[in-house]
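Below you'll find the structure, written out as C-alpha cells, and then a few comments.
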Amino acid sequence: DAGVTQSPTHLIKTRGQHVTLRCSPISGHKSVSWYQQVLGQGPQFIFQYYEKEERGRGNFPDRFSARQFPNYSSELNVNALLLGDSALYLCASSMLDRGTEAFFGQGTRLTVV
Amino acid sequence: EDQVTQSPEALRLQEGESSSLNCSYTVSGLRGLFWYRQDPGKGPEFLFTLYSAGEEKEKERLKATLTKKESFLHITAPKPEDSATYLCAVQPTGGFKTIFGAGTRLFVKA
Chain X
172 DAGVTQSPTH LIKTRGQHVT LRCSPISGHK SVSWYQQVLG QGPQFIFQYY
222 EKEERGRGNF PDRFSARQFP NYSSELNVNA LLLGDSALYL CASSMLDRGT
272 EAFFGQGTRL TVV
Chain V
385 EDQVTQSPEA LRLQEGESSS LNCSYTVSGL RGLFWYRQDP GKGPEFLFTL
435 YSAGEEKEKE RLKATLTKKE SFLHITAPKP EDSATYLCAV QPTGGFKTIF
485 GAGTRLFVKA
C-alpha cells in the first residue's frame with residue numbers, strides 16, 4: 172500500500188510569492204494534518220482537516236491556509252512568503268481526527284530566497 | 385499551557401550500550417502519547433502509541449513506557465542503524481492539536 176505522498180519534494184521561491192503544497196493520504200485515512208519543521212526543532216502543528224472540515228489550527232498567521240478535497244487529499248497554501256517560512260513542511264494522515272497515530276510523508280523542503 | 389520537553393538534546397552511545405530517552409509532558413488531559421523516529425531530511429516514522437499510565441510497548445530493541453508525567457524510550461544494545469532523532473508527541477484531550485517535543489538526537493558508534 173502507498174504511504175502518504177507529498178509534492179513537490181523540493182521548492183525554491185522568492186519573498187512575496189505564494190506556494191501550494193500537496194498531500195495524498197494513506198487509502199482509508201480521512202484526516203490530514205500539516206506541520207512546519209525548522210531545522211533542529213520538532214514539527215509545529217499548522218492545521219488538521221477531517222472529512223473536509225478544519226478541526227484544528229495552530230499559531231500561524233492568516234497567510235497560511237489549507238483545504239481538503241472529497242478524495243481526502245489536501246493542499247497547504249502560503250501567501251506573501253517570508254524568509255522565515257523556509258522549512259520542511261510535513262503532511263500526516265490518520266484514520267480518525269484524534270486519538271490515533273499519524274503517518275507522515277517525506278515532506279516538502281521549501282526554501283525562500 | 386500544554387508542553388512537551390525531551391531530554392537529553394543529544395546522546396552519544398557505543399554500540400551495545402543501553403540507555404533511555406525522556407519525554408516530560410504537561411497537559412490538562414492526555415488523549416495519547418506518540419513516539420517517532422526521524423532520519424535526516426525525511427518525515428517522522430511512527431514507532432509507538434501509549435494511552436494510559438503503566439502502559440508499555442516493545443519493538444525490537446526499543447521499549448516505550450508511560451507515567452502520568454513522562455514517558456521513557458529505552459534502547460537496549462543499540463546498533464549504529466539506530467542513530468536518528470527520536471520525537472515524542474502528545475495529543476491533549478479537548479482539542480485536535482498534536483504537540484511535539486524538540487527531539488533527542490541519538491548517535492550510536494560502532
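In order, the protein sequence lines correspond to chains X and V.
Per this note's numbering, the first sequence starts with residue 172, numbered consecutively.
Per this note's numbering, the second sequence starts with residue 385, numbered consecutively.
For glycine and all other residues, C-beta sits at the position ideal for the given N, C-alpha and C.
Asked: Quick check on residue 261/X - is its C-beta less than 7 Å from some C-beta in chain V?; Found: yes
Asked: In angstroms with no decimal places, state the Cα-to-Cα distance between residue 216/X and residue 197/X.; Found: 19 Å
Asked: Would you call residue 391/V buried or exposed, if buried means 16 or more other Cβ atoms sit within 10 Å of its Cβ?; Found: exposed
Asked: Helix, strand or coil: which one does DSSP assign to residue 196/X?; Found: coil
Asked: Assign residue 269/X to one of two classes, buried (16 or more other C-beta atoms within 10 Å of its C-beta) or exposed (fewer than that).; Found: buried
Asked: How would you call residue 187/X, buried or exposed, if buried means at least 16 neighbouring beta carbons within 10 angstroms?; Found: exposed
Asked: Assuming the contact rule is C-beta atoms closer than 8 Å, residue 263/X and residue 204/X should be a hit. Round their C-beta distance to whole Å, please.; Found: 5 Å
Asked: Roughly how far, in whole angstroms, is the beta-carbon of residue 321/X from the beta-carbon of residue 247/X, given that I think they are within contact range, below 8 Å?; Found: As displayed, chain X neither begins before 172 nor continues past 284, which places residue 321/X out of reach and without an answer.
Asked: On the three-state DSSP scale, how would you describe residue 465/V?; Found: helix
Asked: Can residue 423/V and residue 468/V be called in contact, C-beta distance under 7 Å?; Found: yes
Asked: Of the choices 388/V, 393/V, 438/V, 402/V, whose alpha-carbon is the least far from that of residue 466/V?; Found: 402/V
Asked: Counting pairs of Cβ atoms below 8 Å between the segment 445 to 459 of chain V and the segment 413 to 429 of chain V, do you hit three or more?; Found: yes
Asked: Are the beta-carbon atoms belonging to residue 227/X and residue 481/V less than 7 Å from one another?; Found: yes
Asked: Provide the residue span of the beta strand (DSSP E) that contains residue 161/X, from first to last.; Found: Since the first and last residues shown for chain X are 172 and 284, residue 161/X lies out of range.
Asked: Beta carbons nearer than 9 Å to chain V: which residues of the segment 241 to 273 of chain X have them?; Found: 259, 261, 262, 263, 268, 269, 270, 271, 272, 273
Asked: Are there three or more Cβ pairs, one per stretch, closer than 8 Å when the segment 175 to 191 of chain X is compared with the segment 271 to 280 of chain X?; Found: yes
Asked: Assuming residue 492/V and residue 463/V are in contact, meaning their beta carbons sit under 8 Å apart, how far apart are those beta carbons, in whole angstroms?; Found: 6 Å
Asked: Just checking my contact of residue 484/V with residue 388/V at CB under 8 Å: how many whole Å lie between their CB atoms?; Found: 6 Å
Asked: What in chain X is Cβ-close to residue 479/V, meaning under 7 Å?; Found: 227
Asked: Flag this pair as yes or no: are the beta carbons of residue 426/V and residue 207/X separated by less than 7 Å?; Found: no
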